[in-house]
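Enquirer: In this note's numbering, the protein residues as written are -19 to 182. Note that CB positions come from ideal geometry on N, CA and C, so glycine has one too. The following block contains the structure, expressed as structure tokens.
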């Protein structure tokens, strides 16, 4: 394991340990506030289609936000985990249309749109464990969203990228590799945090 991987794993463990101490009601209370904050993002206010996700465990809750977007007429796509950890997508048709899939995940029960569907949305809300001042995001390490972001990049698409976190998960620096794409914003209970990525290295 390389030094960057080891640093990422250490940061993941410390954040997951903090999250593990949260109660279900903490996560639910956060969900309402995060929904209000996220809806203040101009990128979401203007979006016709958004790729999002259903929170699991002690992640900041996303269901109130999914409902609010859907109520505004936004087409919300949710991930469907494929056997190789890649993500297919389906349309969110309300909480009652979610079915429990592998690893305790909730997925939409409608038709599958294919992994490429994410390249056509206006904004992508990403799960994460931390983000630093340059917008570099720490994921869970499964690589699913690395593939999603690579697919978006390869298609030349430019959706707004935002990550949903708790306030304590804004950190000084996230160990990064050259392929890691920065996000434009993080939404936490305290508000919206914007990042300007450094200029690319030539």
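Which full runs of the beta strand (DSSP E) of 3+ residues lie inside the stretch 34 to 115, going along the chain?
Expert: Correct list: 55 to 61, 67 to 71, 78 to 80, 86 to 88, 103 to 106.
Enquirer: Assuming residue 31 and residue 104 make a contact with CB atoms under 8 Å, what is their CB distance in whole Å?
Expert: Between residue 104 and residue 31 the Cβ distance is about 5 Å, and since that is below 8 Å, they are a contact.
Enquirer: Run the CB neighbour count on residue 79, radius 10 Å, all protein chains shown included, and call it buried at 16 or more, exposed below.
Expert: Label assigned to residue 79: exposed.
Enquirer: Buried or exposed: residue 37, going by 16 or more other Cβ atoms within 10 Å of its Cβ?
Expert: Label assigned to residue 37: exposed.
Enquirer: The alpha helix (DSSP H) with residue 124 in it runs from where to where?
Expert: That run of the alpha helix (DSSP H) goes 124 to 134.
Enquirer: Just mark residue 152 as buried or exposed, buried being the case when its beta carbon has 16 or more other beta carbons within 10 Å.
Expert: So residue 152 ends up on the exposed side.
Enquirer: Less than 8 Å between the CB atoms is what I'm expecting for residue 142 and residue 99, so what's the real figure, rounded?
Expert: Not quite, the Cβ-Cβ distance comes to about 17 Å (not below 8 Å), so this is no contact.
Enquirer: For residue 58 and residue 34, what's the separation of their Cα atoms in angstroms?
Expert: So the alpha carbons of these two residues sit roughly 7 Å apart.
Enquirer: Got a sec, what are the start and stop residues for the alpha helix (DSSP H) residue 15 sits in?
Expert: First-last of the alpha helix (DSSP H) with residue 15: 4 to 18.
Enquirer: Does the beta-carbon of residue 158 have 16 or more other beta-carbons within 10 angstroms, so that it is buried, or is it exposed?
Expert: Exposed is the call here.
Enquirer: Do the CB positions of residue 148 and residue -2 come within less than 8 Å of each other?
Expert: Result yes, Cβ atoms of residue 148 and residue -2 sit closer than 8 Å.
Enquirer: Buried or exposed, going by whether 16 or more other CB atoms sit within 10 Å of the CB of residue 22?
Expert: Exposed.
Enquirer: Please state whether the Cβ-Cβ distance between residue 92 and residue 163 is less than 8 Å.
Expert: For residue 92 and residue 163, no; Cβs fall outside 8 Å.
Enquirer: On the DSSP letters alone, give me the boundaries of the alpha helix (DSSP H) that residue -2 sits inside.
Expert: Taken as a continuous stretch (DSSP letters only), the alpha helix (DSSP H) holding residue -2 covers -17 to 0.
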